[in-house]
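In the working numbering, the protein residues as written are 70 to 325.
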Amino acid sequence: MLLTLLLLTLTSLNRTKWNSTKTGELTMKSAYNYITKFNTNKNEASFGKQIWNLNTMSKVNMFCWKILAGALSLGQKMSTYVKDSNPFCLLCDNSIMEDEMHLFVNCFFTRKIWDLFGFNNIYNSRSHKDIQSWFNFWMNNKDFKNSHDKFSFIIWSIWKFRNSVNYDNVMPVPQNLFESITTTYQKYVSTINNPLSSSRKKNITPSKINSIVNNKSYDWFIYFDVSYMEADFTMGYAISIMDNTGNRKYCRAANS
Ligand SMILES: [Zn+2]
């Protein structure tokens, strides 16, 4: 009996509560109200929009957002949380701290990749104080106007490769990654150019939506994801609002 009471007490004490409703329950309406009440300035809004439109693949856009939100578990950051973890770059063996600017812009290995693609001007033309100014630079440079899709694909591929070096002991050989990106990018381009492809950006048709929601029609959908740190109750969240054709109309991500 005592144990049961204790468990009940603990359960109620630890209960997660959504702050935007009185009851603490998450509802789609409250999530929508929560994100649309933000007053973002014009620059921030247009920067965010550019990020979400970098690539045809949503996961690449999401990945770029994660870079800019400081959400990647890079060596330097992890070493402040995990005792004895390696803070240095895994790709160049230069004993340089692994942060966003190093991994995607300044690393010797990464520069070799940019060079192999003929994109040395993406890191050479000027120095950038942080990763946001670097993204700003190439997203708003007319010379790179038609390369956003490829740049973001390469950045995403460098991250995946870095993880295979970390977890699968793959040797960091620039030529190998270059060849692998070239092959997968070609496949990806032919896939998005093929109207019959299943990987093509999927539009949710009204008929599909109706089948999902029992023949009721909806004007928009909200995708909501959140994660919590039990240790200090901080949280990060991402919310996308899609219209009924599957196009993203609004998105917001932050932490608290
Ligand atoms: Zn490096």
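Quick reminder that beta carbons are idealized off the backbone N, C-alpha and C, glycines included.
So, at 6 Å on beta carbons, what are the nonlocal neighbours of residue i in its own chain, with the 5 sequence-adjacent residues on each side left out?
{"i": "residue 119", "result": "208"}
{"i": "residue 169", "result": "136 and 200"}
{"i": "residue 307", "result": "294 and 322"}
{"i": "residue 230", "result": "246"}
{"i": "residue 132", "result": "225"}
If I follow the unbroken alpha helix (DSSP H) through residue i, where does it start and stop?
{"i": "residue 86", "result": "Segment: none, residue 86 is in no alpha helix (DSSP H) and carries neither H nor E."}
{"i": "residue 231", "result": "217–237"}
{"i": "residue 258", "result": "243–262"}
{"i": "residue 127", "result": "127–137"}
Please state the DSSP three-state secondary structure of residue i.
{"i": "residue 114", "result": "helix"}
{"i": "residue 318", "result": "strand"}
{"i": "residue 211", "result": "helix"}
{"i": "residue 98", "result": "helix"}
{"i": "residue 205", "result": "helix"}
{"i": "residue 270", "result": "Bear in mind that the predicted position of residue 270 carries a pLDDT of just 46, short of 50, making it unreliable; the figure below should be weighed with that in mind. Three-state DSSP puts residue 270 in coil, outside helix and strand."}
{"i": "residue 284", "result": "Summary for residue 284: the model assigns pLDDT 47, below 50, so the residue's position carries little reliability; its value from the coordinates is reported in the next sentence. It is coil, neither helix nor strand."}
Which partner residues does residue i have in the DSSP bridge list?
{"i": "residue 289", "result": "312"}
Apart from the five residues on each side of it in sequence, which residues of its chain come closer than 7 Å, Cβ to Cβ, to residue i?
{"i": "residue 185", "result": "243 and 247"}
{"i": "residue 178", "result": "160, 161, 241 and 243"}
{"i": "residue 194", "result": "none"}
Cutting at 8 Å between CB atoms, please list the residues of its own chain near residue i, excluding the five before and the five after it.
{"i": "residue 123", "result": "129, 130, 133, 208, 217, 218, 220 and 221"}
{"i": "residue 288", "result": "312 and 313"}
* Asked: Fully enclosed by the region 145–203, which alpha helix (DSSP H) runs are 4 residues long or longer?
  -> Correct list: 177–185 and 190–193.
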